[in-house]
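Asks: Here my numbering is used: the first residue of the sequence shown is 571, the next is one more, and so on.
Glycine residues also receive a C-beta, built at the ideal position from the N, C-alpha and C atoms.
Keep in mind it's a predicted model, so treat the numbers as computed, not measured.
Have a look at the structure that comes next, please.
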Amino acid sequence: MSVSKIHVDLSGPPQTMLDMLYGKALDADSPHPILNDTFAKTLVEQLDYDWQASAITRQRRRQVASIVVRGTQFDTWAREFLARHPQAVVLHLGCGLDSRVFRLDPGPGVQWYDVDYPDVISLRERLYPGRDHYHLVSASATDPSWLTAIPADRPGLLLAEGLSMYLPEAEGVALLRRVVERFPAGEIQLDFWSRLGMRAQKRTNRVITHSGSTLGWTVNRPEEVLAAVPGLRVISATSMFGADTVERLPKGHRRVAKVASRTPGLRKIIQFHRYGF
Ligand SMILES: C[S@@+](CC[C@H](N)C(=O)[O-])C[C@H]1O[C@@H](n2cnc3c(N)ncnc32)[C@H](O)[C@@H]1O
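In structure tokens:
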């Protein structure tokens, strides 16, 4: 019996998450997975989408390392936060079809909000089961109105992986300020491209061109974020090339990462930041 697949009909920036999903599925399907996101593998099979031919995803077969290094780093940081704050609120912004809430499986004290554009959220609704204390928000992350409906009497975690670069800087900064002002304490965990990284991505990243995404916010160092958002302190900031998970990549990747992490400019093109407030 053939099972009917779910058609993907997306346009604009939401398409970028298909590239992430496919990368995670390829990792899960590989002989030595790192993130091992088996949800991504199942979703790729469930979706009616030509992964190998699509201009958005066809290049991904050549390179999944950056996606799994980033995903694993943010899983680790989020787990650490949740272990210390079992009654927290999580704002997982620009969630795409990422399975983080299922991978981390937070305890019953955690209220988890997955936020993305309506087209993405309606796909999520069809693909993932519901779970207790789990909420979907169909909105732009930078729209101030949805945040006012979120309980803020406990620690909050804003986690945004692969989102900052798609936001105008002023809107990204305003979003972080709103979260810091609203919650009594918490963390902000997100990745940034440097200005050099943004220029390189504009030239080489076909996902951006083909999705018609507009790029915006760049950050060269955490001090820029500290200056823009009062109340933050740096907990950790690492280049993608120096992230812990790099040690689990094949030897050739480790060698490239080592050289990149020692090369000024290149070192900072993709960074993972973790702030407390
Ligand atoms: C590169 S994908 C990352 C998806 C997911 N975080 C992951 O790592 O698999 C970027 C995601 O951000 C979402 N996005 C971009 N701008 C957004 C905005 N202003 N508000 C909410 N989501 C946004 C896109 O729809 C897409 O799902």
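How many angstroms separate the CA atom of K661 from the CA atom of W682?
Replies: One detail in the question is off: residue 661 reads as Leu in this sequence, not Lys. The straight-line gap from Cα to Cα measures roughly 6 Å.
Asks: Among T774, L617 and D589, which one has its Cα closest to the Cα of D579?
Replies: Comparing Cα positions, the closest option is L617.
Asks: In terms of DSSP beta bridges, what is F842 paired with?
Replies: DSSP lists D761 and T808 as partners of F842.
Asks: State the Cα-Cα distance for the pair V799 and G846, rounded to the nearest angstrom.
Replies: The alpha-carbon atoms of V799 and G846 are separated by roughly 11 Å.
Asks: Counting pairs of Cβ atoms below 8 Å between the region 785 to 794 and the region 822 to 830, do you hit three or more?
Replies: No contact exists between the region 785 to 794 and the region 822 to 830.
Asks: Out of L591, A722, R649 and H705, which has the shortest C-alpha to C-alpha gap to L667?
Replies: Checked all of L591, A722, R649 and H705; the closest Cα to L667 is L591.
Asks: Near V639, what residues of its chain come up, given a Cβ to Cβ distance below 8 Å and the 5 sequence neighbours on each side ignored?
Replies: Contacts found: I604, M810, A813, T815, V816 and L819.
Asks: Pull up the DSSP beta-bridge partners for Q681, would you.
Replies: Beta-bridge pairing links Q681 to V659.
Asks: Verify the CB distance criterion: does L729 have a CB-CB separation below 8 Å to chain C?
Replies: Reference to chain C is not applicable here, since this structure consists of a single protein chain.
Asks: Please specify which runs of the beta strand (DSSP E), each continuous and at least 3 residues long, are wholly inside the region 695 to 769, giving them in chain order.
Replies: Entirely contained in the region 695 to 769, the beta strand (DSSP E) runs reaching 3 residues are, in chain order, 704 to 708, 726 to 730 and 756 to 763.
Asks: Once DSSP output is grouped into helix, strand and coil, what is the label at I576?
Replies: The answer is strand: DSSP assigns I576 an E or B state.
Asks: Which residues bound the alpha helix (DSSP H) around Q616?
Replies: Looking at the DSSP string, the run of the alpha helix (DSSP H) that includes Q616 is T608 to Q616.
Asks: Which residue or residues does DSSP assign as beta-bridge partners of R670?
Replies: Partner(s): none; R670 has no beta bridge.
Asks: Using a Cβ-based criterion (distance less than 7 Å to any ligand heavy atom), does G767 qualify as near ligand 1?
Replies: For ligand 1, not one heavy atom lies less than 7 Å from the Cβ of G767.
Asks: Which residues in the same chain have their Cβ closer than 7 Å to the Cβ of I839, if we skip the five residues on either side of it in sequence?
Replies: Same-chain partners within the cutoff: W763, S764, L766, G767 and A770.
Asks: With a threshold of 7 Å (Cβ to nearest heavy atom), would M810 be considered close to ligand 1?
Replies: No, Cβ of M810 sits at least 7 Å from all heavy atoms of ligand 1.
Asks: Provide the residue span of the alpha helix (DSSP H) that contains T833, from first to last.
Replies: Unbroken run through T833: none, as it is neither H nor E.
Asks: Is G756 near A711, with beta carbons less than 8 Å apart?
Replies: In this structure, A711 does not lie closer than 8 Å to G756 by Cβ.
Asks: Among the residues of its own chain, which have a CB less than 8 Å from the CB of D723, if the five just before and after it don't count?
Replies: Once the five neighbours on either side are set aside, the close Cβ partners of D723 are P754.
Asks: Identify which residue in R844, M735 and A623 has its Cα closest to the Cα of V804.
Replies: The option with the nearest alpha carbon to V804 is R844.
Asks: Taking 7 Å as the cut-off, does the CB of S636 come closer than this to any heavy atom belonging to ligand 1?
Replies: For ligand 1, not one heavy atom lies less than 7 Å from the Cβ of S636.
Asks: Which first and last residues belong to the alpha helix (DSSP H) in which F644 is found?
Replies: Counting along the chain, the alpha helix (DSSP H) containing F644 begins and ends at A635 to R654.
Asks: Under 8 Å: do the region 740 to 754 and the region 713 to 729 share three or more Cβ pairs, one atom per stretch?
Replies: The region 740 to 754 is in contact with the region 713 to 729.
Asks: Helix, strand or coil for D589? Go by DSSP, reduced to three states.
Replies: Residue state, collapsed to three classes: helix.
Asks: Below 7 Å, is the gap between the Cβ of L727 and the nearest heavy atom of ligand 1?
Replies: No, the Cβ of L727 stays beyond 7 Å of every heavy atom of ligand 1.
Asks: Under DSSP, the alpha helix (DSSP H) around R854 begins and ends at which residues?
Replies: Examination of residue 854 is not possible in this model, given that the chain is present from 571 through 847 alone.
Asks: Let me make sure I understand the geometry here. Which of T608, D607, T779 and K594 has the alpha-carbon closest to that of R631?
Replies: The option with the nearest alpha carbon to R631 is K594.
Asks: Which of helix, strand or coil does DSSP assign to R630?
Replies: Of the three classes helix, strand and coil, the one that applies to R630 here is helix, per DSSP.
Asks: Any idea what DSSP makes of D620, helix, strand or coil?
Replies: It is coil, neither helix nor strand.
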